[in-house]
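Below is one structure, written out as structure tokens; comments come after it.
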Amino acid sequence: MDEMKSLQDSYTLNNGVKIPCVGFGTWRTPDGEVAVSAVVEAIKQGYRHIDTAAIYGNEKSVGKAIKASGVPREKLFITSKLWNSEQGYESTLKAFEKTLEDLGLEYLDLYLIHWPVVKGHKEDWQEANLATWRAFEKLYKEGKIRAIGVSNFLPHHLEPLMAKAEIQPMVNQIELHPSLNQEETVAFCKKHNILVEAWSPLASGKIFQVVEMKEMADKHGKTISQVCLRWILQKGILPLPKSITAGRIKENADIFDFEISPKDMQLIDNITTCEGSGTDPDNIDF
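Per UniProt numbering, the sequence shown runs over residues 1 to 286.
Next up, the structure:
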């Protein structure tokens, strides 16, 4: 792993595009002033990578924050995701245009298929993903998206897509935190040079109840969230912490001045008391 020393340091995707090593998540951030001020604050604190999605309902606010931040567009890395109901070739192209319009942007840095097996496509999800991916490839070739990828895909979802794709996925964003290591998916992605991003890296707050994490935080003179995000980063994975509180936003960025030893990394790997959301990408009804 390249040594990451700040929020602006980056991973290099399989097409050569650089992606800042920590992203600022906006899931469950309500649209309006709350979202605008959270994203403006994040950019002020040095975040250059903002992650949103059509279904979050806050793309307009994220767009306003980008404008208000005063940071040039080309210095920022903006991700959005295609919602399930829009899967398919033509519908993807339309949904993408709406996302660009809502964000007020000329292009996206990264666009992801949000879920692999969506409502209404239980039987033909492979075809649905492929039709969607063809639209992604078209937008990519036209320069409207700098990188394309997927979200919540397990190896058995990735394989059929990769077998027929002209352009291979560059990113897979999955739920990942201590107790939900996703080892098989991470190994598969690393083997195929697909960068893994971690959504819900703090287990939606459940991580703060884990005794081992409290001990580890005390040992390093850091907070539990800082240790958790550092653990993800040291695995060569990109964490997407989310907060709407200025102090937390700053705290989640302060993970570059310490290192977790291999022994302690393993100890965190072995935590089992911090359940995930329980969402199974093969069995969602949305």
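The beta carbon of each residue, even a glycine, is placed where N, CA and C say it ideally should be.
Which of the three DSSP states is assigned to residue i in this structure?
i: leucine 82; result: strand
i: tyrosine 28; result: Reading off the sequence shown, one finds arginine at residue 28, where the question assumed tyrosine. Three-state result, arginine 28: coil.
i: lysine 18; result: strand
i: glutamine 38; result: It is alanine, not glutamine, that sits at residue 38 in the sequence shown. Of the three classes helix, strand and coil, the one that applies to alanine 38 here is helix, per DSSP.
i: aspartate 264; result: helix
i: phenylalanine 258; result: coil
i: methionine 1; result: Because methionine 1 carries a pLDDT of 46, less than 50, the predicted location of this residue cannot be relied on, and no value is offered for it.
i: histidine 220; result: helix
i: serine 69; result: helix
i: isoleucine 244; result: coil
i: isoleucine 271; result: coil
i: isoleucine 237; result: coil
i: tyrosine 47; result: coil
How would you label residue i, buried or exposed, when you count the other beta carbons within 10 angstroms and need 16 or more for buried?
i: proline 262; result: exposed
i: proline 72; result: exposed
i: asparagine 129; result: buried
i: asparagine 172; result: buried
i: residue 288; result: The chain is shown from 1 up to 286; residue 288 falls before or after that span and cannot be answered.
i: glycine 221; result: exposed
For the candidate residues the options, whose alpha-carbon lies nearest to that of residue i?
i: serine 179; options: Pro239, Glu137, Ile207; result: Ile207
i: glutamate 90; options: Lys81, Thr132, Leu76, His121; result: Thr132
i: tyrosine 107; options: Gly63, Ala253, Ala38, Val171; result: Gly63
i: glycine 236; options: Leu7, Ala65, Cys21, Asp31; result: Cys21
i: glycine 104; options: Leu112, Asp9, Gln8, Ser61; result: Ser61
i: leucine 136; options: Glu127, Gln126, Gly149; result: Residue identity check: residue 136 is phenylalanine in the sequence provided, not leucine. For the residues Glu127, Gln126, Gly149, the minimum Cα distance to phenylalanine 136 belongs to Gly149.
i: serine 151; options: Asn14, Ala198, Ala95, Gly32; result: Ala198
i: isoleucine 174; options: Lys67, Leu93, Gly278, His220; result: Gly278
i: glutamate 127; options: Gln87, Leu7, Asp109; result: Gln87
i: valine 17; options: Val39, Leu76, Ser225, Met162; result: Leu76
i: arginine 48; options: Glu74, Asn58, Glu59; result: Glu74
i: isoleucine 194; options: Ile284, Leu154, Leu229, Gly70; result: Leu154
Rounded to whole angstroms, what is the Cα-Cα separation between residue i and residue j?
i: threonine 12; j: alanine 147; result: 11 Å
i: alanine 53; j: lysine 144; result: 16 Å
i: glutamate 183; j: glutamine 266; result: 13 Å
i: serine 200; j: lysine 141; result: 31 Å
i: aspartate 269; j: histidine 177; result: 9 Å
i: alanine 246; j: isoleucine 260; result: 26 Å
i: lysine 5; j: isoleucine 255; result: 9 Å
i: aspartate 9; j: lysine 190; result: 19 Å
i: glutamine 168; j: lysine 44; result: 34 Å
i: phenylalanine 258; j: threonine 223; result: 12 Å
Taking 9 Å as the CB-CB cut-off, is residue i touching chain B?
i: isoleucine 260; result: Reference to chain B is not applicable here, since this structure consists of a single protein chain.
Which runs of the beta strand (DSSP E) spanning at least 3 residues fall entirely within the segment 129 to 198, listed in chain order? For the beta strand (DSSP E) assignment, the uninterrupted runs of no fewer than 3 residues enclosed by the segment 129 to 198 are, from N- to C-terminal side, 145 to 151, 171 to 175.
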